[in-house]
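Notes for the one structure printed next.
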Amino acid sequence: MKKRIIVGYDGSSYSRAALLWAMDEAAHTDATVELVHADERPIVVSPHPESTLERAVATARKAQPLVEVTARTVDAYAVPTLVDLSRQADLIVIGGRGHSIVAGLLGSVSTAVSAHARCPVVVVRGEATAGPVVAGVDGTDRAPEVLAFAAAQAAARKAPLRVIRAWPPVTGLWEETPIVTNAVTGREREPFDTLIAEIGDAYPDVSIVAEATVAHPAAVLTLASAHAQLLVIGSRGHGPFSGLLLGSVSQHLLRNASCTVAVVHHRGSSGPTR
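Below you can see the structure in the form of structure tokens.
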């Protein structure tokens, strides 16, 4: 069965950029694309959604003629609609900004959908570049899935993969003590190096650069995004609440990254249920 990519489409320039990104992704992965327009009228006046979608489909087919693309309008709010559809999707793609009344209660559309979706979410930002795919990982059980998603993206795009593991610096009373070296020890780095070795074995054709550093994760990943074509991060949450929250780092990157951001959810709470 082909993979299914769903694009949240509202006719804005941001959603048009998301559509083109999704079409390119579908061409790389032999997936289908479905545009979903959430018609929130009468609260939000949406002029002629059918003609808007028809033009969008024509643009999409012109960009990637071999990709199967469909479109539909639903009478519902955008955020809960996309979250619900994520249960049967392989990927949700949305623009960096979007229009939704519900988003005003939960934050931006990108933050709300990225936090609650049950599959990976790609938030299209900035201009497309030919830089590396960057993966930001931590020491949690999310790291292998984040890295696997990033490696697959790098392989499909024939791009190098840059993996960053940032340990936040010690602050406060302990900051100036001799035991604080602001360096990553070999023991601390060992699980990270093991993870890199495993992904290197799985993707031998991908050029991988691994960086372990003491720095604020949000700051170092924001800086890395300036020269990346895609930044891949994980969602926050454990146990019954896994996938329902975005940490401060993820929220910062969704607002400030220079490139497109992919948020990967732990498979215990995500992925298509078919």
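Here the numbering used here runs 16 ahead of the position in the sequence shown, where the first position is 1.
Just so you know, even glycine gets a beta-carbon here, dropped at the ideal spot from N, CA and C.
Item	Value
Where the alpha helix (DSSP H) through alanine 38 begins and ends	29 to 45
Contact with chain E by valine 109, beta-carbon distance below 9 angstroms	Among the chains of the structure shown, chain E does not appear; only one protein chain is present.
Cβ-based burial, proline 233 [other Cβ within 10 Å; buried from 16]	buried
For glycine 152, the first and last residue of its enclosing beta strand (DSSP E)	149 to 153
Per-residue DSSP class, three states only, for threonine 145	coil
Per-residue burial, leucine 121 [other beta carbons within 10 Å of its own, 16 or more giving buried]	Low per-residue confidence applies at leucine 121: pLDDT is 41, beneath 50, and the placement is therefore not dependable, though the value from the model is reported in the following sentence. With fewer than 16 Cβ atoms within 10 Å of its Cβ, leucine 121 is classed as exposed.
Buried/exposed call for alanine 47, threshold 16 Cβ in 10 Å	buried
Rounded straight-line distance, which links the Cα of aspartate 157 to that of threonine 145	30 angstroms
Burial state of methionine 39 (16 or more Cβ within 10 Å)	buried
Own chain, CB closer than 7 angstroms to proline 160, minus 5 neighbours either side, in chain order	Leu211
Unbroken beta strand (DSSP E) run spanning glutamate 227, endpoints	224 to 230
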